[in-house]
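Have a look at the structure below before the remarks.
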Amino acid sequence: MGRVIRGQRKGAGSVFKAHVKHRKGAGIVKDIIHDPGLGAPLAKVAFRDPYRFKNRTELFIAAEGIHTGQFNYCGKKAQLNTGNVLPVGTMPEGTIICCLEEKPGDRGKLARASGNYATVISHNPETKKSRVKLPSGSKKVIASASGRIDKPILKAGRAYHKYKAKRNSWPRVRGVAMNPVEKLCEKWWWKRLYVQTFIQ
């Protein structure tokens, strides 16, 4: 099997985390647009920036019944209304939803196609899980969208936190400690190719 070598790890980016805490107050639906890559229309929603004197424009998949000039709210305290974004755990059973997050903060992975919707079936407050029925008819258990991880798993070493804000150059494994397939050193290959081609 192939391995992700050190040069590939350095070039990799970080996993995207949705910026949900910047949406303060009500957002106004400015426009409903068509995206050539999607079947469903998109809604441009303008939120007031909490730190600067400007507006932030976010793109949402337009739910059925949304219109321009409508006020949209996001968060746990939002009312159950068309176009509002709120955690699955706060919705009653039987609610029809779309653009559902599989994990908290992944920007919505389920029921995103045009005309599709998922239905909330039940909640389990002990495990903080919710059961939803997907457009395919299958039932899936997802997190009740607490919005953040409950507790940290483990603390890494000092070097991990030191290098976390910088480039992906740590941990650095010595070449002699690697398998030959994982080592980013191709001089021996060209030398072998040269010997096979020209000296025979």
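Under this note's numbering, the residues of the sequence shown are numbered 23 to 222, in order. Backbone N, C-alpha and C fix where the C-beta goes; we use that ideal spot for every residue, glycine too.
Straight-line Cα distance separating residue j from residue i
i      : j      : result
GLY29  : GLN92  : 49 Å
ASN106 : CYS121 : 12 Å
TYR95  : ALA135 : 22 Å
GLN101 : LYS66  : 20 Å
PRO72  : ARG78  : 9 Å
GLY169 : GLY197 : Annotation note: pLDDT 37 at GLY169 (below 50); position unreliable, coordinate value reported separately. Roughly 41 Å between the two C-alpha positions.
HIS56  : ALA84  : 10 Å
ASN103 : ARG25  : 48 Å
PRO147 : VAL110 : 12 Å
ARG129 : TYR185 : 27 Å
GLU86  : ILE54  : 12 Å
THR112 : VAL203 : 50 Å
LYS39  : LYS99  : 22 Å
GLY179 : LEU108 : 36 Å
ALA199 : LYS205 : 9 Å
ALA181 : ASN201 : 24 Å
PRO174 : ILE164 : The predicted position of PRO174 is uncertain, since its pLDDT is 45 and thus under 50; no value can be drawn from it.
ILE27  : HIS183 : 22 Å
ALA227 : PRO58  : The requested residue 227 does not occur in the structure, where the chain is confined to residues 23 to 222.
Candidates the options: closest to residue i by CA position
i      : options                           : result
SER191 : GLY35, GLY24 and PHE75            : GLY35
SER144 : VAL37, ARG153 and GLY137          : ARG153
PRO63  : PHE75, ILE88, ALA48 and LYS39     : ILE88
LYS52  : VAL37, LYS76 and THR90            : THR90
ILE118 : LYS186, GLY137, VAL198 and MET200 : GLY137
LEU81  : PHE75, LEU60 and PRO202           : LEU60
LEU132 : PHE38, LYS98, LYS162 and ASN146   : LYS162
GLY49  : GLU86, LYS39 and GLY97            : GLY97
Beta-carbon spacing of residue i, residue j below 8 Å
i      : j      : result
SER166 : LYS150 : yes
ARG189 : LYS32  : yes
VAL142 : GLU115 : yes
PRO157 : TYR139 : yes
GLY47  : PHE69  : yes
Simplified DSSP state of residue i, which is helix, strand or coil
i      : result
LYS99  : coil
LYS39  : coil
ALA62  : coil
LYS186 : helix
LYS52  : strand
VAL26  : coil
ARG31  : helix
VAL198 : helix
GLU86  : coil
Any C-beta of chain C under 8 Å from that of residue i
i      : result
LYS161 : Considering every chain present, this structure includes no chain C. It has just one protein chain.
Continuous beta strand (DSSP E) assignments of at least 3 residues falling wholly in the segment 106-184: Within the segment 106-184, the runs of beta strand (DSSP E) at least 3 residues long that lie entirely inside it are, in chain order, 140-146, 151-155 and 161-165.
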